[in-house]
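Q:
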Amino acid sequence: MSRHDISPDRIAETIAWRHHLHAHPELAFEERETSAFVAGKLAEWGIAVKGGYGGTGLVGTLSRGSSSRTIAIRADMDALPIVEASGVAYASKTSGKMHACGHDGHVSMLLAAARQASEMDFDGTIHFLFQPAEEAEGGARAMVADGLFRDFPTDSVYALHNWPALDVGTCVARDDAMMAAFGVFEIRITGRGAHGAMPHEGADPLVAAAQIVTALQTIASRNVSPLEAAVVSVTQIHGGDAWNVIPQEAVIRGTTRWFAKDVGDILEQRMRTLVVAVAEGFGCSADLDYQRRYPATINDAASAAFARSVAAQDGALSVVDAAPSMAAEDFAFMLEERPGCYLWLGARRNGANPGLHSPHYDFNDTIIPQGVDLWTRLIATSLGR
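Going by UniProt numbering, the first residue of the sequence shown is number 1, and it counts up by one from there.
Quick look at the structure:
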């Protein structure tokens, strides 16, 4: 099968789609306008569309020939609750919502690849997966629970993420872990409120909270092997409303990260023990709400090797190696169901290069042709006659 390059006019159109999506961001499970935009484009190109997966998620299916070979490619659609400060002309029109992770670019590249595929000759089936709620809410899990792979069985599944820490023209597809598992926690400490000038008459939950924050840092440094990766980060502490009042209650929130399941178990077990013991040591009680949100994103080695070979065809991309990230990605739920590969596509800007989730971030449009080409090459190589 010959290569299907995307024309300059179509690149410009894809960028226009991206800018439209950027200006109209929608948060997790609210991606109704985005989903309708995607469904409309797919229908224009004769691609069958079925919605209702994970609420706002949808699947576009395109088949040719008689082969049973099937692949799936996923793009995430949701934005983040961030006030945009990028200064671009197409900035978010909704204050407090922003495409600060590049999902607008991911959707646009997969849409463009779907249009290219609709004009290609291949033998098999492609499922284009447009997923809601990647940002901490588990949209991939919801799509799987709604019967995604029951209704759309596939041999393998792929996804990519733009990666500002990598040079444009490079990509990473590791044989094993790409992204960490993650959990969230909330610790509610209850003491006895008192006058700030008479602390001996109360049980200070803020002092207990301070000691708990310190104690939590010993989990990764003293309970987990130094050869393993683990993160325990406290990101919020709330308590008190007045200068001279010791409050009744304090709240601590944060996140944990790990790769190996036994490390994840250690983090939770030690946190449960430390939180209660330290709080009691200061005359307080503590309740821990601990939630394991996403498993680690682990590539299938054969699928990763295949993705690397496709990326490197004709020198299209330079395949490089990099350490896995302690950030998390719910594509992990799809990889638990089917073999596949998650890739990083280099997106570094010259000069200022805001990172993912920064209010100054904007997807780097120069990588759109590379992303579209990668997906069309993957389709052609997987399903070529």
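Note that beta-carbon positions come from the ideal geometry of N, C-alpha and C, so glycine has one too.
What do you get for residue 109, buried or exposed, if any count of 16 or more other CB atoms within 10 angstroms of its CB means buried?
A: As a first step, residue 109 is located in the sequence shown; it is residue number 109 there, counting from the start. With 16 or more Cβ atoms within 10 Å of its Cβ, residue 109 is classed as buried.
Q: Taking all protein chains shown into account, do 16 or more other C-beta atoms lie within 10 angstroms of the C-beta of residue 18, making it buried, or fewer, making it exposed?
A: In the sequence shown, counting from the first residue as 1, residue 18 sits at position 18. Classification of residue 18: buried, given that the 10 Å Cβ count is 16 or more.
Q: Buried or exposed: which applies to residue 236, given that a residue is buried once 16 or more other Cβ atoms fall within 10 Å of its Cβ?
A: Numbered from 1 along the sequence shown, position 236 holds the residue referred to as residue 236. Flag for residue 236 reads exposed.
Q: Please name the residue in 205, 182, 126 and 354 whose C-alpha comes closest to that of residue 327.
A: As a working mapping, residue 327 is identified with position 327 in the sequence shown. Of 205, 182, 126 and 354, the residue nearest in Cα terms is 182.
Q: With a cut-off of 8 angstroms on the beta carbons, I'd call residue 224 and residue 293 a contact; round off their distance for me.
A: Sequence index remark: in the sequence shown, residue 224 carries index 224 (1-based). Sequence index remark: in the sequence shown, residue 293 carries index 293 (1-based). No, residue 224 and residue 293 are not in contact; Cβ-Cβ is about 19 angstroms, not under 8 angstroms.
Q: Beta carbon of residue 85, beta carbon of residue 97: below 8 angstroms?
A: As a working mapping, residue 85 is identified with position 85 in the sequence shown. As a working mapping, residue 97 is identified with position 97 in the sequence shown. No, the Cβ-Cβ distance between residue 85 and residue 97 is not below 8 angstroms.
Q: State the DSSP-derived secondary structure class of residue 292, mapped to helix, strand or coil.
A: The residue labelled residue 292 in the question sits at position 292 within the sequence shown. Residue state, collapsed to three classes: strand.
Q: Counting pairs of Cβ atoms below 8 angstroms between the region 257-268 and the region 229-246, do you hit three or more?
A: Yes, the region 257-268 is in contact with the region 229-246.
Q: Answer yes or no: do residue 307 and residue 341 have a C-beta to C-beta separation smaller than 8 angstroms?
A: Your numbering for residue 307 matches position 307 in the sequence shown. Your numbering for residue 341 matches position 341 in the sequence shown. Against a cut-off of 8 angstroms, the Cβ pair of residue 341 and residue 307 comes out as a contact.
Q: Got a sec? Which residues, its chain only, sit under 6 angstroms from residue 102 by beta carbon, not counting five neighbours each side?
A: For the purposes of this step, residue 102 is identified with residue 102 of the sequence shown, where counting begins at 1. So the qualifying residues of the chain are 162 and 363.
Q: Express the C-alpha separation of residue 130 and residue 368 in angstroms, rounding to a whole number.
A: Taking the first residue of the sequence shown as position 1, residue 368 is located at position 368. Taking the first residue of the sequence shown as position 1, residue 130 is located at position 130. Near 17 angstroms, if we compare the C-alpha coordinates of residue 130 and residue 368.
Q: For residue 7, count neighbouring C-beta atoms within 10 Å of its own C-beta (all shown protein chains included) and say buried if the count is 16 or more, exposed if not.
A: Numbered from its first residue, the sequence shown carries residue 7 at position 7. With fewer than 16 other Cβ atoms within 10 Å, it is exposed.
Q: In the DSSP assignment, what are the bridge partners of residue 44?
A: Numbered from 1 along the sequence shown, position 44 holds the residue referred to as residue 44. Answer is none; residue 44 lacks a bridge partner.
Q: Just the Cα atoms here: how many angstroms apart are residue 319 and residue 370?
A: As a working mapping, residue 319 is identified with position 319 in the sequence shown. As a working mapping, residue 370 is identified with position 370 in the sequence shown. So the alpha carbons of these two residues sit roughly 13 angstroms apart.
Q: Could you work out which residue in 187, 61, 43 and 104 is closest to residue 25 when comparing CA atoms only?
A: On the sequence shown, residue 25 is found 25 positions in, with the first residue counted as 1. With distances taken between Cα atoms, residue 25 lies closest to 104.
Q: According to DSSP, is residue 17 part of a helix, a strand, or is it coil?
A: For the purposes of this step, residue 17 is taken as the residue at position 17 of the sequence shown. Here residue 17 sits in helix by DSSP.
Q: Tell me, which residues are paired with residue 60 by DSSP?
A: Along the sequence shown, one-based indexing puts residue 60 at 60. Residue 60 is bridged to 49 and 128.
Q: Tell me, to the nearest whole angstrom, how far the beta carbon of residue 330 is from that of residue 55; I am working on the premise that it is less than 8 angstroms.
A: Position 330 of the sequence shown, counted from the first residue, corresponds to residue 330. Position 55 of the sequence shown, counted from the first residue, corresponds to residue 55. 14 angstroms between Cβ atoms; not a contact.
Q: Tell me, please, which residues DSSP counts as bridged to residue 236.
A: The residue you call residue 236 lines up with position 236 of the sequence shown. Paired residues: 253.
Q: Going straight from the alpha carbon of residue 2 to that of residue 69, what length do you get?
A: Translated into the one-based positions of the sequence shown, residue 2 becomes position 2. Translated into the one-based positions of the sequence shown, residue 69 becomes position 69. At residue 2 the pLDDT is 40, less than 50, meaning the model places this residue with poor confidence; the figure from the coordinates comes in the next sentence. Cα-Cα distance, rounded: 19 angstroms.
Q: Between the Cα of residue 268 and those of 242, 304, 246 and 216, spot the shortest distance and give me the residue it belongs to.
A: Here residue 268 refers to the residue found at position 268 of the sequence shown. Taking only the C-alpha atoms, the option nearest residue 268 is 216.
Q: Cα separation between residue 402 and residue 270?
A: Residue 402 lies beyond the range of the chain shown here (1 to 385); nothing can be said about it.
Q: Quick check on the DSSP output: the alpha helix (DSSP H) that includes residue 145 runs from which residue to which?
A: Working through the sequence shown from its first residue, we reach residue 145 at position 145. Segment 139-145, the alpha helix (DSSP H) holding residue 145.
Q: Terminal residues of the continuous beta strand (DSSP E) containing residue 161?
A: Numbered from 1 along the sequence shown, position 161 holds the residue referred to as residue 161. Per DSSP, residue 161 belongs to the beta strand (DSSP E) from 156-163.
Q: Indicate the three-state DSSP secondary structure (helix, strand or coil) for residue 76 in the structure shown.
A: Taking the sequence shown and counting its residues from 1, one reaches residue 76 at position 76. Correct three-state label for residue 76: strand.
Q: Relative to the C-alpha of residue 313, which residue among 53, 375 and 242 is closest?
A: The residue labelled residue 313 in the question sits at position 313 within the sequence shown. Residue 313 has its Cα closest to that of 375, out of 53, 375 and 242.
Q: By the three-class DSSP mapping on this structure, what secondary structure does residue 345 have?
A: On the sequence shown, position 345 is the one that residue 345 refers to. Strand, per DSSP.
Q: Where residue 310 and residue 382 are concerned, what is the direct C-alpha to C-alpha distance, given to the nearest angstrom?
A: By one-based count along the sequence shown, residue 310 stands at place 310. By one-based count along the sequence shown, residue 382 stands at place 382. Answer to the nearest angstrom: the Cα atoms are 9 angstroms apart.
Q: Using the Cα positions of residue 390 and residue 266, report the straight-line distance between them to the nearest angstrom.
A: Outside the shown range of the chain, which is 1 to 385, sits residue 390, and nothing can be said about it.
Q: From 252, 191, 60 and 350, pick the residue whose C-alpha is nearest to that of residue 48; which is it?
A: Taking the first residue of the sequence shown as position 1, residue 48 is located at position 48. Of the listed residues, the one whose Cα sits closest to residue 48 is 60.
Q: Since I believe residue 141 is in contact with residue 333 (beta carbons under 8 angstroms), could you give me their beta-carbon distance rounded to a whole number of angstroms?
A: Taking the sequence shown and counting its residues from 1, one reaches residue 333 at position 333. Taking the sequence shown and counting its residues from 1, one reaches residue 141 at position 141. Correct: roughly 4 angstroms between the Cβ atoms.
Q: Measure the Cβ-Cβ separation of residue 125 and residue 66 and say whether it is below 8 angstroms.
A: The sequence position of residue 125 within the sequence shown is 125, counting from 1. The sequence position of residue 66 within the sequence shown is 66, counting from 1. Contact flag unset, no.
Q: Could you please give the first and the last residue of the uninterrupted beta strand (DSSP E) stretch that includes residue 26?
A: As a first step, residue 26 must be located in the sequence shown, where it is residue number 26. Neither: residue 26 is in no beta strand (DSSP E) and is coded neither H nor E.
Q: Reducing DSSP to helix, strand and coil, say where residue 368 ends up.
A: Counting from 1 along the sequence shown, the entry for residue 368 is found at position 368. Residue 368: helix per DSSP, three-state reduction.
Q: Just to confirm my understanding: we take residue 212, look at its own chain, exclude 5 residues before and 5 after, and list those with CB closer than 8 angstroms. What are they?
A: What you label residue 212 is simply residue 212 of the sequence shown in a count that begins at 1. Cβ neighbours of residue 212 beyond the five flanking positions: 187, 189, 252, 274, 275, 278, 279 and 286.
Q: Just checking my contact of residue 299 with residue 173 at CB under 8 angstroms: how many whole Å lie between their CB atoms?
A: Translated into positions along the sequence shown, residue 299 becomes position 299. Translated into positions along the sequence shown, residue 173 becomes position 173. Right, their Cβ atoms sit about 7 angstroms apart.
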